[in-house]
Structures are given as C-alpha cells and as structure tokens.
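>
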DNA sequence: CTGCATCCATAACGATACTG
DNA sequence: CAGTATCGTTATGGATGCAG
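Chains as they are written, first to last, in the UniProt record's numbering: chain H, 1 to 135; chain G, 1 to 135.
1) Consider the Cβ of residue 30 of chain H: report whether some Cβ of chain G lies at a distance smaller than 8 Å.
2) For residue 29 of chain G, which residues from the same chain have a beta carbon less than 7 Å from its beta carbon, with the 5 sequence-adjacent residues on both sides left out?
3) Report buried or exposed for residue 17 of chain H, applying the criterion of at least 16 other Cβ atoms within 10 angstroms of its Cβ.
4) Assign residue 71 of chain H to buried or exposed, taking buried as 16 or more other Cβ atoms, counted over all protein chains shown, within 10 Å of its Cβ.
5) In the DSSP assignment, find the beta strand (DSSP E) that holds residue 76 of chain H and state where it starts and stops.
6) Could you give the C-beta distance for residue 52 of chain H and residue 19 of chain G, rounded to a whole number, given that I count them as a contact under 8 Å?
7) Using a Cβ-Cβ cutoff of less than 8 Å, which residues in the same chain neighbour residue 14 of chain H once the five nearest sequence positions on both sides are dropped?
8) Please list the segments of the alpha helix (DSSP H) lying wholly inside the UniProt domain "HTH hxlR-type" (15 to 116) of chain H, counting only runs of 4 or more residues, in order along the chain.
9) Which residue wins for smallest C-alpha separation from residue 74 of chain G, given the options G:115, G:26, G:94?
10) Residue 100 of chain G: buried (16+ other C-beta within 10 angstroms of its C-beta) or exposed?
11) Output yes if chain H places a C-beta closer than 8 Å to the C-beta of residue 125 of chain G; else output no.
12) Quick one: which chain G residues come within Cβ less than 9 Å of residue 180 of chain H?
13) Take residue 87 of chain G and list the residues in its own chain whose beta-carbon comes closer than 7 Å to its own, dropping the five residues that flank it on each side.
14) Is the Cβ of residue 119 of chain H closer than 8 Å to any Cβ of chain G?
15) How many Å lie between residue 103 of chain G and residue 58 of chain H at the Cα?
16) Candidates G:122, G:41, G:47: which alpha carbon is nearest residue 84 of chain G's?
17) Helix, strand or coil: how does DSSP classify residue 119 of chain H here?
18) Does the distance from the C-beta atom of residue 54 of chain G to that of residue 61 of chain G stay below 8 Å?
In structure tokens:
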C-alpha cells in the first residue's frame, strides 16, 4: 500500500506506520498493551503489571502507562481509597491495536528457536569483531 | 498464550516476543523489512532503499541491513562489478515476519487520524508541563 | 556506489530516594 | 500502593570523512 514514485517507495515520511513505530520505541509499550489485553477482566493495577513484566523498572512502567494514557490507548481509573488504588485498561482504540500486536507476538512464539539462533549469531559476530584485530 | 502463575502473567522473561521487540528497538528494522517486502522483484539496492526511507541516514541504513543479515532475515547478494552493486532481499524467514509487520502497518494506515491526535495530545501535554509552573 | 570508522549530541533506561 | 524527581550510565542516531 505504499505510495510509489518513480518506482520507489516514498512511504514513510510522517505516515501512520512511522508514528506507530515511534510509539513502539518506548521499549515496553507493546508489552504493556499486550499484558492488559490478556489480563483477566482487562483491568490491572501497576503493582501487578510490574510483577508480570519481568525486569521492568517502576519508573519505566509508570512512564509507559502515562505515555499510553496520554495517547488514548489505555484508560486510568482512580479509586479514592487508602492506600491508593488505580486500575488501567485498554480503551476501544487500544483494543484494536492489541490485535496486530498479538499477531506479532504470536510470530515471536512460533519462531522462538529462530530468534534464539539470531541472538547466537549476533553474539558470535560481535565477539569476533571485538577480539579479532587488536595486536 | 502467556504462562499464568498465581493469576499473573509471567510472560516475557527471555521469550520470543521479547527478543522480537529487541530487534524492533533498532529503529528502522521493521521499515526496512517492510520496504523489501513491497519492493518490486523483492530485491533492492542500498541507495534505492535510502531514497525510499525518507530520513534514514546512510549509517543507520547500513547498520540495520547488517543487523538483519546477521540475524538471517535478509540476504545479501554481491555483484562483482565496478562500481560495486549489492542487492538485499528477504530470506524465507524474513518473509514470514513480513506478514505480521504488514498487519501492524495496516493498522497504522487505518488509524492515521487517531495517531495524529495522539501526537497532538502528547505535544499539548509536554508543553503544559514545560511552561505551566515557572512564573 | 557500498561500506566502515570517528566524533558528538541526546534520548532511553535503571537505581535510588522521596512524597502523598 | 501510586507516583515523582534526580542522577549517572549506556544506547541510539546523525554528520562527516575516508576507502575499496
């Protein structure tokens, strides 16, 4: 579906896809969306999310949630209780995005072995270029 | 498809999806794959690609291509001529990944307007927090 | 034309401490 | 428990120059 000019793809100036990938550059955004999508009842608290997304820091989780909220992909519901309680859930728009993300993750699951080999190749390669020519 | 433990998703330790997203953290990798996927004949030269991926620098294009080659997602064919000629194309594995990427980009196209509003909201928000309380 | 190496700015990230 | 702020490290990306 790109625009073709002179037989070349002039596709990604400030197009939808490009902006979408900008969003993905926030490392954890797709995982948060994906986790919320799979969450029972579709609502999750920050603490729960952090425990699920192994390795994410509190800072990054909150930052990602804020980012997604501003962009209208997730909804933030505050309960006026002590201690504080907040629940996040996908907006209708967020839910439409969850589909493609699911597809992508599905690919990741199906090609787990290939992905392992990729990491392996990459490791070998960087090692080689690192040690190779010192003397 | 996550693994559920204690009702929480312990999904993304060093799973396929996580590794996949690592690959995507190379900003241009999905666009390069996508461009090659749409390219006539499925083979493209670096120069052509750079002209198509508006805004990519030579350095990043080459780096991305190398990365994708090492990972076995694209193939590099060298022609022994002067001046040098090289063509890149998707490997079979790369082609299977192109599908999900296409889906994602499709979403980006369909929700272009929403994505515009997202950027807008983000702009407003960061402006507000930047200027808001200085006086 | 393809590819590599430097230098440099800045953006992303994590650890930690602190507030309500 | 939710959220913010600060600091320091590392990764990312762009500009430029050079080589085959």
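Note that beta-carbon positions come from the ideal geometry of N, C-alpha and C, so glycine has one too.
Fair warning: this is a prediction, and the values are worked out from it, not measured in the lab.
So, from the listed chains and residues:
1) Here the question's residue 30 of chain H lines up with position 30 in the first chain. Output row for residue 30 of chain H: interface = yes.
2) By one-based count along the second chain, residue 29 of chain G stands at place 29. Contacts found: 23, 64, 67, 68.
3) Here residue 17 of chain H refers to the residue found at position 17 of the first chain. That one is buried.
4) On the first chain, residue 71 of chain H is found 71 positions in, with the first residue counted as 1. With 16 or more Cβ atoms within 10 Å of its Cβ, residue 71 of chain H is classed as buried.
5) For this step, residue 76 of chain H is matched to residue 76 along the first chain. Residue 76 of chain H -> beta strand (DSSP E) spans 74 to 79.
6) The residue you call residue 52 of chain H lines up with position 52 of the first chain. The residue you call residue 19 of chain G lines up with position 19 of the second chain. With a Cβ gap of about 18 Å, residue 52 of chain H and residue 19 of chain G do not count as contacting.
7) The sequence position of residue 14 of chain H within the first chain is 14, counting from 1. Contacts found: none.
8) 16 to 24, 29 to 38, 46 to 52, 58 to 70, 92 to 110
9) Taking the first residue of the second chain as position 1, residue 74 of chain G is located at position 74. Ranking G:115, G:26, G:94 by Cα distance to residue 74 of chain G puts G:94 first.
10) Counting from one through the second chain, the residue named residue 100 of chain G turns up at place 100. The residue in question, residue 100 of chain G, is buried, as its Cβ has 16 or more Cβ neighbours within 10 Å.
11) Mapped onto the second chain, residue 125 of chain G falls at position 125. By this cut-off, residue 125 of chain G is an interface position.
12) Since the first residue shown for chain H is 1 and the last is 135, residue 180 of chain H is missing from the structure and cannot be characterised.
13) Here residue 87 of chain G refers to the residue found at position 87 of the second chain. Closer than 7 Å at the Cβ level, and outside the excluded window around residue 87 of chain G, lie 43, 44, 45, 77.
14) For the purposes of this step, residue 119 of chain H is identified with residue 119 of the first chain, where counting begins at 1. Output row for residue 119 of chain H: interface = yes.
15) Indexing the second chain from 1 puts residue 103 of chain G at position 103. Indexing the first chain from 1 puts residue 58 of chain H at position 58. Taking the straight line joining both Cα atoms gives about 31 Å.
16) The residue given as residue 84 of chain G occupies position 84 in the second chain. Looking at the Cα atoms, G:47 is the closest of the given residues.
17) Counting from 1 along the first chain, the entry for residue 119 of chain H is found at position 119. Residue 119 of chain H: helix per DSSP, three-state reduction.
18) Locating residue 54 of chain G in the second chain gives position 54, counting from the first residue. Locating residue 61 of chain G in the second chain gives position 61, counting from the first residue. No, the pair does not count as a contact, with Cβ atoms beyond the cut-off.
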